[in-house]
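Take the sequence shown: its position 361, counting from 1, is numbered 361 in the UniProt record's numbering, and each next residue is one higher.
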Amino acid sequence: MSNVFPYPPRKVQDYPTFLPEQPQPIGSLLDDNEYKQNKNPPKLFHPITIRGVTFHNRAFVAPMCMYSSDQGRATDHHFVHLGSMALRGWGSIMVEATAVVPEGRISPEDMGLWDDSQITELQRIVKYIHANKGVIGIQIAHAGRKASTPAPWNERLANERGHSQGSVVPEENGGWPSNVVAPSEISFKAGDYPDPIEASIEYLESLKKAYADAVERCSKIGFDFIEIHGAHGYFLHEFIDPISNKRTDKYGGSLENRLRLPLEIAQVVREKWDKPLFYRLSATDWLEESLGKEKNANGEWAWWGIEQTTIFVGKLAELGVDLVDVSSGGNDLRQKIAPGPSYQLPFAEHLKKIYPKLLIGSVGIITDAKQANDILEQGKADVILIGRQLLRNLDWPLDAAVDLGVAVAPAVQYERAWTRMLVKREAHDRTSKEHGITELQGQEAQESKTPPGEHHSIP
């Protein structure tokens, strides 16, 4: 038998450049026959399968706008930003809020999917992530009355230089302040944000078609799932909220009417899309301190809160939405939020109790492994979506595996950095503390067995 190492190494087939093949999905548990510490693993590393798509752990990337697109098209920034996540063990990657119509962007630099010319760059990203055995979806959106506003750093720089025009991007800078569309002619902040025009019935019909067309483009691109953005004071949130929806037609007034458009759009997407479908919503406006109870003394809904959310989520489930991504706030400047660890979790937990068969995602200052895993183990949510903590620590899932004492697959290119995690232990030996050694000592002991530059392999 030859003892010559096989060369060239296995590569991903049908990829335009050389790319080493990952032995298994990055961030997935290694064989518990080899790594006995993986028997009875923490819930954070349990895979979950939805409509035939397997997410190999439950640490999901939350959608985050990058304000780095060119005419709605993804750029090299997105390829690097999203592609790097594919090598760091995330159970799911999600492309930022992507507008289905040009006027549905938050800023001129936002992502779009209203035209076939926007497909190619996203296909490149999806192909790379799939080549690394990752899962990727996209959030489709309309910004409503918060459209034609600047990227956060552009507004900050303008203020610092003393020539801010408020939270409005004028036409000469690529904005569309005269074509900002909302349920009603109510600005998010009068005198600072755009003054919106009320969406006509004809506009709403064309918008439903725009969502359907965007879904078809998602199919061509190859996304694994879609999330509808219905949170944070954007178009669909504005429709369900009595604060921002003062219409007198079939899309305004009663709760049934206010829910109509988001449910129609969810139905359109569900009919066009047979893969996993998520819906992100704001569970509350956080206005009790400012305006009193969600339902006033006259029995009328005063603002959007958890009671209406509970009804809405039941209807989304009936339409076939697979997972509800539970966030909060963003539609009224009078909101009183006290952010802290897991501050939005009570809303997710409430909905999970009411709808135990519906998948629920929790988000909001979930920063460490034990915190995330406890949420899942206690049945308060099914997946964790992580945003800003990812920006601070791209390796969060792999660090979480170390913290929770299990061994998961790192990218083959980076496995030399995870040798302590790859030590084989008995089932009860979950942490280096049980071995009486520090993390650094454990890593150094393992690395000392392999001289620099030599191959580190996963058995």
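Just so you know, even glycine gets a beta-carbon here, dropped at the ideal spot from N, CA and C.
In this text the structure is predicted, and so the values were computed from the model without any measurement.
Worksheet item: Is it true that the region 83 to 94 meets the region 105 to 113, where meeting means three or more beta-carbon pairs spaced less than 8 Å apart?
Response: no
Worksheet item: Between Ala369 and Leu82, which are expected to be in contact by the criterion C-beta below 8 Å, what is the C-beta distance as a whole number of angstroms?
Response: Contact flag wrong, Cβ pair sits at about 23 Å.
Discussion item. Within 10 Å of its beta-carbon, does Gln13 have 16 or more other beta-carbons around it, so buried, or fewer, so exposed?
Written reply: exposed
Worksheet item: From Ile48 to Arg425, what does the alpha carbon distance come to, in whole angstroms?
Response: 25 Å
Item to complete: Work out the CA separation of Ile240 and Lys209 for me, nearest whole Å.
Response: 20 Å
Worksheet item: Which residue or residues does DSSP assign as beta-bridge partners of Glu172?
Response: Looking at the DSSP assignment, Glu172 forms no beta bridge with any residue, so it has no partner.
Worksheet item: Identify the residues that DSSP records as bridge partners of Val61: which are they?
Response: Val61 is bridged by DSSP to Ile386.
Discussion item. If you reduce the DSSP assignment to three classes, tell me which class Ala266 lands in.
Written reply: DSSP places Ala266 within a helical segment (H, G or I) once states are collapsed to three.
Worksheet entry | Which of helix, strand or coil DSSP assigns to Gln308 | Collapsing the DSSP output to three states places Gln308 in a helix.
Worksheet item: Given Tyr193, which residues of its chain have a CB within under 6 Å of its CB, disregarding the five upstream and five downstream residues?
Response: Ser167, Ser187
Fill in: Cβ neighbours of Leu391 in the same chain (closer than 8 Å, five flanking residues each side left out)
Met64
Worksheet entry | Residue interval of the beta strand (DSSP E) (run including Arg280) | 277 to 282
Discussion item. Let me make sure I understand the geometry here. Which of Leu359, Gly137, Val408, Tyr414 has the alpha-carbon closest to that of Asp32?
Written reply: Val408
Worksheet item: Are Leu376 and Leu30 closer than 9 Å when you measure CB to CB?
Response: no
Worksheet entry | Beta-bridge pairing of Met85 - partner residues as DSSP gives them | In DSSP, Met85 forms no bridge with anything.
Discussion item. Using the three-state DSSP reduction, which class does Gln13 fall into: helix, strand or coil?
Written reply: coil
Item to complete: Tell me, please, which residues DSSP counts as bridged to residue 470.
Response: In the structure displayed, the chain extends from 1 to 459; residue 470 sits before or after that span and is not available.
Practice prompt. Could you check if Gly191 is buried or exposed, using at least 16 other CB atoms within 10 Å of its CB as the buried criterion?
Written response: exposed
Practice prompt. Kindly list the residues whose CB is nearer than 8 Å to the CB of Pro341, restricted to its own chain and excluding five residues on each side of it in sequence; keep chain order.
Written response: Ile365, Ile366, Thr367, Gln371
Worksheet entry | Helix, strand or coil at residue 466 according to DSSP, with G and I counted as helix | Outside the shown range of the chain, which is 1 to 459, sits residue 466, and nothing can be said about it.
Item to complete: Would you identify the three-state DSSP class for Ile437, choosing helix, strand or coil?
Response: The pLDDT assigned to Ile437 is 34, lower than 50, so where the model puts this residue is not dependable; a value taken from the coordinates is nonetheless given after this. Coil, per DSSP.
Worksheet entry | Residue interval of the beta strand (DSSP E) (run including Thr120) | No beta strand (DSSP E) contains Thr120, which is instead part of the alpha helix (DSSP H) from 119 to 131.
Item to complete: Flag this pair as touching only if the region 73 to 88 and the region 287 to 307 have three or more C-beta atom pairs under 8 Å; answer yes or no.
Response: no
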